[in-house]
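Worksheet for the structure shown next.
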DNA sequence: ATTGTTTTTTAAGGAATATGTAATGAATAA
DNA sequence: TTATTCATTACATATTCCTTAAAAAACAAT
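Okay, here's the thing in structure tokens:
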């Protein structure tokens, strides 16, 4: 899952980024409205955290311009305590939720989780395929009875596969959702990580879940 | 489907080429305006991706010279963030869409898919003939209930046949749309691949779909 | 700050598979 | 029949992928 933070206060942005990376999200930061709008238009984020008070272009303008381009990425607004009007205006223009500064990180995280499963009928916090399960909150992964230890990147990659089971994922798609914009196309990190994952989730089990489509990419399916 | 990329930044061009090849498009690259114009005039591309800032001949000139020759291949412009005027001028001169650099690959891909079905009334993402179906997004191919596994080239070839069902396709036409400019005319690869395809989509079924027209080419029809 | 540990990335060789070549025989038209 | 054209198979080559090891970077503990 890849998240954009649009926030001019460097300290706040860095604080959120660090916390989210600990939760294995891939995070980009934009430190003014112009950069935020641009990044938001050009990249398929799974979520945007948007401060309303920004240099160059303000948050509400970014919001409306993204929505007018039919970009329906979940957007969570950050507002100062007293700007009730902006908050309401923001929700009217298609924001999905808001949080008043200052806030507890756990609060932010909980809201992000809710928004990321928006649209799914269920409110489950686990992903499952065959006897493999992934808990989105505790980050525990099990296959059968066995608990599997994963590093951050391994977890993100697995989560992306499990959210898209049955769909063919090209390396380009994987790079865009599991890595951030520093990703270098001409490297084989993705192959290496698929290999790591396979060792942990497939190797000791007869039914393989992670399959290669030569020349195209990978697919997770039973 | 065969696509020309006219782009002088080698890394950008290579990035796009790789992503498109993962989607089984046949891709040629021109690294300056002169080469781009030349290739665009000489080959029946299904789509041209054209950077505006180019050495030798600039993108807008290429665009207008292709259009003045009644070449109406869909053209997607790549523009720098700030060159609004060029973008507008480009659309006026008959470009079909534009994308601002840098961009996410998924965004480019979505736009290409839209342009490639331009003119078709429908917005379907599957091709069908008799009980054979091909899904343009997931790349899944079925005949009846049976799912058919194809390699990249087999898939591209089948897609071309299915987009042109009922039409006689000569080997030259097939080479021009399914292979890139490295294709060697005096080879029988096409015959070999038609044979591969037949084994997979026709062999076990009484009603054949892929027919030979001796001395001419092939046709897909019921 | 320094050291040790873990994760992430890079790089390279070998294995697997797709693609392209070439040769042979079968089918078709003149 | 004879000359073409096509289908089919086996093989060669090229590409892609897997795997491993080691370098680099990030992180934690002292």
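Residue numbers (the numbering used here), protein chains in the order written: chain V, 16 to 237; chain A, 16 to 237. Built from N, CA and C at the ideal position, the CB exists for glycine as well. Computed from a predicted model, the values in this text were never measured in an experiment.
Residue i (DSSP reduced to helix, strand or coil)
i: residue 53/A; result: helix
i: residue 165/V; result: coil
i: residue 2/V; result: The question about residue 2/V has no answer, for chain V in this structure spans 16 to 237.
i: residue 227/V; result: strand
i: residue 139/V; result: coil
i: residue 218/V; result: coil
i: residue 201/A; result: coil
i: residue 206/A; result: helix
i: residue 30/A; result: helix
i: residue 119/A; result: coil
i: residue 213/A; result: helix
i: residue 133/A; result: coil
i: residue 22/A; result: coil
In DSSP terms, what residue i is bridged to
i: residue 144/V; result: 147/V
i: residue 41/A; result: 17/A
i: residue 157/A; result: 148/A and 162/A
i: residue 196/A; result: Paired residue(s): none; residue 196/A is not in a bridge.
i: residue 183/V; result: 234/V
Alpha-carbon to alpha-carbon, residue j and residue i
i: residue 207/A; j: residue 189/A; result: 13 Å
i: residue 216/V; j: residue 33/V; result: 27 Å
i: residue 109/V; j: residue 70/A; result: 43 Å
i: residue 147/A; j: residue 20/A; result: 32 Å
i: residue 58/V; j: residue 223/A; result: 44 Å
i: residue 179/V; j: residue 201/A; result: 43 Å
i: residue 177/A; j: residue 126/A; result: 21 Å
i: residue 193/A; j: residue 172/A; result: 6 Å
i: residue 174/V; j: residue 50/A; result: 44 Å
i: residue 45/A; j: residue 54/A; result: 8 Å
i: residue 1/V; j: residue 31/V; result: An answer regarding residue 1/V cannot be provided, because it is not within the stretch 16 to 237 covered by chain V.
i: residue 24/V; j: residue 48/V; result: 12 Å
i: residue 86/A; j: residue 62/A; result: 11 Å
i: residue 130/A; j: residue 81/V; result: 22 Å
i: residue 78/V; j: residue 93/V; result: 12 Å
i: residue 43/V; j: residue 196/V; result: 7 Å
i: residue 181/V; j: residue 141/A; result: 17 Å
i: residue 139/V; j: residue 76/A; result: 55 Å
i: residue 167/V; j: residue 221/A; result: 52 Å
i: residue 229/A; j: residue 185/A; result: 10 Å
i: residue 231/A; j: residue 209/A; result: 14 Å
i: residue 136/V; j: residue 121/A; result: Confidence at residue 136/V is low in this model, with a pLDDT of 48, below 50, so the placement of that residue should be treated as unreliable; the coordinate-derived value is given next. Whole-angstrom Cα-Cα distance: 26 Å.
i: residue 83/V; j: residue 56/V; result: 11 Å
i: residue 262/V; j: residue 39/A; result: Only positions 16 to 237 of chain V appear in this structure, which leaves residue 262/V out of reach.
i: residue 144/A; j: residue 159/A; result: 11 Å
i: residue 73/A; j: residue 104/A; result: 13 Å
i: residue 64/A; j: residue 117/A; result: 14 Å
i: residue 162/V; j: residue 226/V; result: 22 Å
i: residue 41/V; j: residue 205/V; result: 15 Å
i: residue 132/A; j: residue 152/A; result: 13 Å
i: residue 16/V; j: residue 88/V; result: 12 Å
i: residue 90/A; j: residue 112/A; result: 7 Å
i: residue 114/A; j: residue 124/A; result: 11 Å
- Residues in the region 114-136 of chain A having any Cβ partner in chain V nearer than 8 Å: From the region 114-136 of chain A, only 115, 117, 118, 119, 120, 121 and 122 have a Cβ closer than 8 Å to chain V.
- With 8 Å as the C-beta to C-beta threshold (strictly closer), list the residues of the region 24-52 of chain V near chain A in chain order. Listed by position along the chain: nothing, the set is empty.
- Query: Of all the alpha helix (DSSP H) runs that stay within the bounds of the region 43-116 of chain A, which reach a length of 4 or more residues?
  - Reply: For the region 43-116 of chain A, the full-length alpha helix (DSSP H) segments reaching 4 residues or more read 48-57, 74-83 and 99-107 along the chain.
- Query: In chain order, what residues of the region 152-168 of chain A put their CB closer than 8 Å to some CB of chain V?
  - Reply: Within the region 152-168 of chain A, the qualifying residues are 153, 154, 166 and 167.
- Message: Output needed in chain order: residues of the region 81-106 of chain V with a Cβ under 9 Å from some Cβ in chain A.
- Response: Going along the region 81-106 of chain V in chain order, one finds no residue with a Cβ nearer than 9 Å to chain A.
- Message: Using a Cβ-Cβ cutoff of 7 Å, what residues of the region 178-203 of chain V are near chain A? List them in chain order.
- Response: The residues in question are 182, 183, 185, 186, 187, 188, 191 and 200.
- Item | Interfacial residues, the region 218-232 of chain V to chain A, with Cβ spacing under 9 Å | Answer set for the region 218-232 of chain V: 228, 229, 230, 231 and 232.
- Please name the residues in the region 55-68 of chain V whose beta-carbon is closer than 7 Å to at least one beta-carbon of chain A, in chain order. Under the 7 Å Cβ criterion, the region 55-68 of chain V contributes 57, 58 and 59.
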